[in-house]
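Contents: one structure, followed by commentary.
Protein chains: 2
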Amino acid sequence: MIIDSQGDLTLAVEQAMAGTPDGRLREIMGALVRHAHAFIREVRPSEEEFERGLDFLVGIGQATGETNNEVVLAADVLGVSTLVGLLNKPLDGVRTAPALLGPFWRKNAPECALGDSIVRCGTPGSRLEVRGQIRDLSGNPIAGARIDVWQASPVGLYENQDADQPAMNLRGLFTADASGHYHFETIRPAGYPVPTDGPVGDLLRAQLRHPYRPAHIHFMVTAPGHATLITQIFADDQERLDSDVTFGVLKPLVATFETTEDGHPALRCDFVLEPGETRIPKAPIP
Amino acid sequence: MIIDSQGDLTLAVEQAMAGTPDGRLREIMGALVRHAHAFIREVRPSEEEFERGLDFLVGIGQATGETNNEVVLAADVLGVSTLVGLLNKPLDGVRTAPALLGPFWRKNAPECALGDSIVRCGTPGSRLEVRGQIRDLSGNPIAGARIDVWQASPVGLYENQDADQPAMNLRGLFTADASGHYHFETIRPAGYPVPTDGPVGDLLRAQLRHPYRPAHIHFMVTAPGHATLITQIFADDQERLDSDVTFGVLKPLVATFETTEDGHPALRCDFVLEPGETRIPKAPIP
């Protein structure tokens, strides 16, 4: 199409893409162009602003490497990653909501007995018990479910980021009892910042946003005949619970504290698995 | 905000960005998030589709180097670059519409007398005369305006891309006469493809789109007291005039053919300059 005014452009691009044989690609790109053009028409960027936007896109691509993905981080801090996750798995009040695996999971966490502590060599911190039950969609307990847990220390570092922690500190693999229950001892994790040395860090600073995720404990729960559940649990008394920089705090993933018989705090973390297959992810590059 | 459903997310992100001190950044990012979330809600990408989209963004950033900008190219082939240009300088029927400088302009084109040919050493091709007048917004001729022209050869290559062409072939710098008129001899340029060896080339192939820009001649027109005009002119009998892969064919930039007194085709290219300053761009990296 020969362009007569800015109003022609969206139709011109849609017509150019109309021959896309893959119907889903045609649908996605058509919607992308309509929404992108609507955005441009709303904000009317100057040429300089447009150039800065393009430079930002170049920057996040080029800052992405084997161990960090600045494009994913940009999607995270704009709420897009959580939005995609929730559209694919809406919170339904029954199934436990999934969360991202994150970059810190390791294979072969130490096998533990119920009640063991995952604190190795006495990392100082505030004592915490975690306990709960694994159930299926009908509410039946899943005996022998496997619970792989990992968390940051009270200074906000995972053991594989921190020379001061022993190997496999704050990691453990538990097996639920015949009633689907599990429990273990740990210390309170701390929140930690997303990487701030790239273009996304610059954006957060320009927006006066803090870069922190609130403290959480990661879980991967598996059982034969059930889909692997990867999630993370937040404690309801934590700082910044309502300002996670990645918008990852879903209400059903906020656990509440109970008090144990001997007066210590215990975090109650129940999990509901769907039918499906056990799929263990590849370990992320540390 | 603790997220209770996908419907919470847009407001959550807007609230997180509400403290941005720069009002324009706040406005742009707020609109970006609203439009991006609306796009995601419309197409509901699966996790795999979302990952492919993020990988595409990483890919165009990483394919960008000193001599090619795949992010700009993506904006071009989605009509976004032309849209931004037209919003900043709407076609008003008076001022000549600007166009991109492009990567092939060179400083210090050979100084030519009116009527000279810019074909050096007999590059074969179909003879073409180009002529026109430079005027101001009131229609008064601008005597002595300088017209810098450059174009691709009939095989679609600029001299600095093509070992078979002599240096500065198909480039020239002319000075309008006292009535603002200029004319020169050349040969018909050919269209040429945008780079197709990166992720944008993959996208064009998946959309069954050709990668060509229709043939055009570039002009940079300067005169004291007037803003530098950078534009490009298309001839109205050219192939793919209505399917420029970058949506750059603006109706007022399509010139028509006249016939010279001796029966040769002549392309009529008049230019209207606005008041302003002469600004010569930095030469792009060849």
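From first to last, the protein sequence lines stand for chains A and B. Using the working numbering, you'd call the opening residue of the first sequence number 1 and step up by one each time. Using the working numbering, you'd call the opening residue of the second sequence number 1001 and step up by one each time. Note that beta-carbon positions come from the ideal geometry of N, C-alpha and C, so glycine has one too. On a predicted model such as this, the values are computed, not experimentally measured, just so you know.
Helix, strand or coil, according to DSSP, for residue i in the structure here?
i, result
"Ala-152 (chain A)", "coil"
"Pro-1199 (chain B)", "helix"
"Thr-1175 (chain B)", "strand"
"Ser-1081 (chain B)", "helix"
"Phe-234 (chain A)", "strand"
"Glu-147 (chain A)", "Here residue 147 (chain A) is Ile; the residue named in the question, Glu, does not match the sequence. Looking at Ile-147 (chain A) - three-state DSSP - the assignment turns out to be strand."
"Thr-1010 (chain B)", "helix"
"Ile-118 (chain A)", "coil"
"His-218 (chain A)", "strand"
"Gln-165 (chain A)", "coil"
"His-1226 (chain B)", "strand"
Check this for me: beta carbons of residue i and residue j, under 8 Å apart or not?
i, j, result
"Ala-1109 (chain B)", "Met-1168 (chain B)", "yes"
"Gln-151 (chain A)", "Pro-193 (chain A)", "no"
"Val-43 (chain A)", "Ala-1031 (chain B)", "yes"
"Ala-1215 (chain B)", "Gln-1238 (chain B)", "yes"
"Leu-1078 (chain B)", "Val-71 (chain A)", "no"
"His-1183 (chain B)", "Gly-1115 (chain B)", "yes"
"Gly-1125 (chain B)", "Thr-1175 (chain B)", "no"
"Asp-1242 (chain B)", "Met-1 (chain A)", "yes"
"Ala-99 (chain A)", "Leu-253 (chain A)", "yes"
"Arg-146 (chain A)", "Thr-222 (chain A)", "yes"
"Leu-1025 (chain B)", "Ile-40 (chain A)", "no"
"Arg-1226 (chain B)", "Gly-1172 (chain B)", "Sequence check: residue 1226 (chain B) is His here, not Arg. No, they are not a contact pair."
"Ile-233 (chain A)", "Leu-170 (chain A)", "no"
"Gly-59 (chain A)", "Pro-166 (chain A)", "no"
"Gly-1057 (chain B)", "Leu-54 (chain A)", "Per the sequence shown, the amino acid found at residue 1057 (chain B) is Leu instead of Gly. Their beta carbons are not under 8 Å apart, which means Leu-1057 (chain B) does not touch Leu-54 (chain A) by this criterion."
"Thr-259 (chain A)", "Ile-187 (chain A)", "no"
"Gln-942 (chain B)", "Gln-62 (chain A)", "Beyond the ends of chain B as shown, which are 1001 and 1286, falls residue 942 (chain B); an answer cannot be given."
In angstroms with no decimal places, state the Cα-to-Cα distance between residue i and residue j.
i, j, result
"Thr-307 (chain A)", "Val-130 (chain A)", "Missing from the structure shown is residue 307 (chain A); chain A here goes from 1 to 286 and no further."
"Gly-248 (chain A)", "Ile-1280 (chain B)", "49 Å"
"Glu-1185 (chain B)", "Gly-1201 (chain B)", "35 Å"
"Pro-1286 (chain B)", "His-1218 (chain B)", "For Pro-1286 (chain B), the predicted model reports a pLDDT of 48, less than 50, meaning its position is unreliable; a value from the coordinates is still stated below. Their backbone Cα atoms lie some 16 Å apart in a straight line."
"Thr-228 (chain A)", "Thr-278 (chain A)", "5 Å"
"Ile-1142 (chain B)", "Gly-1263 (chain B)", "28 Å"
"Asp-244 (chain A)", "Arg-213 (chain A)", "5 Å"
"Val-1272 (chain B)", "Leu-1128 (chain B)", "22 Å"
"Glu-47 (chain A)", "Asp-22 (chain A)", "34 Å"
"Ser-5 (chain A)", "Leu-1157 (chain B)", "30 Å"
"Thr-64 (chain A)", "Phe-1050 (chain B)", "17 Å"
"Ser-179 (chain A)", "Pro-224 (chain A)", "16 Å"
"Ile-1003 (chain B)", "Leu-1009 (chain B)", "7 Å"
"Arg-95 (chain A)", "Met-220 (chain A)", "14 Å"
"Gly-1139 (chain B)", "Trp-1105 (chain B)", "28 Å"
"Gly-85 (chain A)", "Gln-15 (chain A)", "31 Å"
"Glu-1274 (chain B)", "Glu-1027 (chain B)", "31 Å"
"Arg-1268 (chain B)", "Val-1149 (chain B)", "14 Å"
What residue from the options has the CA that sits closest to residue i's CA?
i, options, result
"Glu-1103 (chain B)", "B:Gly-1172, B:Asn-1068, B:Ile-1147", "The question names Glu, yet the displayed sequence has Pro at residue 1103 (chain B). If we check each option's Cα against that of Pro-1103 (chain B), B:Asn-1068 comes out closest."
"Asp-1270 (chain B)", "B:Gln-1062, B:Leu-1057, B:Ala-1097", "B:Ala-1097"
"Leu-11 (chain A)", "A:Pro-45, A:Pro-21, A:Val-33, A:Glu-27", "A:Val-33"
"Val-1080 (chain B)", "A:Gly-122, A:Met-220, A:Gly-7, A:Gly-19", "A:Gly-7"
"Lys-1282 (chain B)", "B:Asn-1088, B:Lys-1107, B:Gly-1093", "B:Lys-1107"
"Asp-1164 (chain B)", "B:Gly-1059, B:Cys-1121, B:Leu-1204", "B:Cys-1121"
"Leu-87 (chain A)", "B:Gln-1133, B:Arg-1052, B:Ala-1038, B:Cys-1112", "B:Ala-1038"
"Lys-251 (chain A)", "A:Asp-236, A:Phe-257, A:Pro-265, A:Arg-240", "A:Asp-236"
What does residue i reach in chain A if we use C-beta pairs closer than 8 Å?
i, result
"Asp-1022 (chain B)", "Ala-206"
"Met-1017 (chain B)", "Gln-207, Arg-209"
"Lys-1251 (chain B)", "Ile-2, Ile-3, Asp-4"
Using a C-beta to C-beta distance shorter than 7 Å, which residues of chain B count as neighbours of residue i?
i, result
"Met-1 (chain A)", "Asp-1242"
"Arg-44 (chain A)", "Leu-1087"
"Phe-50 (chain A)", "Val-1084"
"Leu-25 (chain A)", "Ala-1206"
"Ile-217 (chain A)", "Within 7 Å Cβ-Cβ: nothing; Ile-217 (chain A) doesn't reach chain B, min ~17 Å."
At a CB-CB cut-off below 9 Å, which residues of chain B make contact with residue i?
i, result
"His-37 (chain A)", "Leu-1078, Gly-1079, Val-1080, Leu-1083"
"Val-33 (chain A)", "Leu-1078, Gly-1079, Val-1080"
So with CB distances below 9 Å, who are the chain A contacts of residue i?
i, result
"Ile-1060 (chain B)", "Leu-57, Val-58, Gly-61"
"Asp-1202 (chain B)", "The contacting residues do not exist; Asp-1202 (chain B) stays about 11 Å from chain A at best."
"Leu-1267 (chain B)", "Those within 9 Å of Leu-1267 (chain B) in chain A number zero; the least Cβ separation is about 16 Å."
Closer than 7 Å to a non-hydrogen atom of the ligand NAP - does that hold for the CB of residue i?
i, result
"Lys-1251 (chain B)", "Judged by which ligands are present, the structure shown has none, so any question about the ligand NAP falls away."
Got a sec: is the Cβ-Cβ distance from residue i to anything in chain E below 8 Å?
i, result
"Pro-90 (chain A)", "You won't find chain E in this structure, because its protein chains are A and B."
Kindly list, in the order they appear in chain B, the residues whose Cβ is closer than 8 Å to that of residue i.
i, result
"Glu-159 (chain A)", "None at all; the shortest Cβ gap to chain B is about 28 Å."
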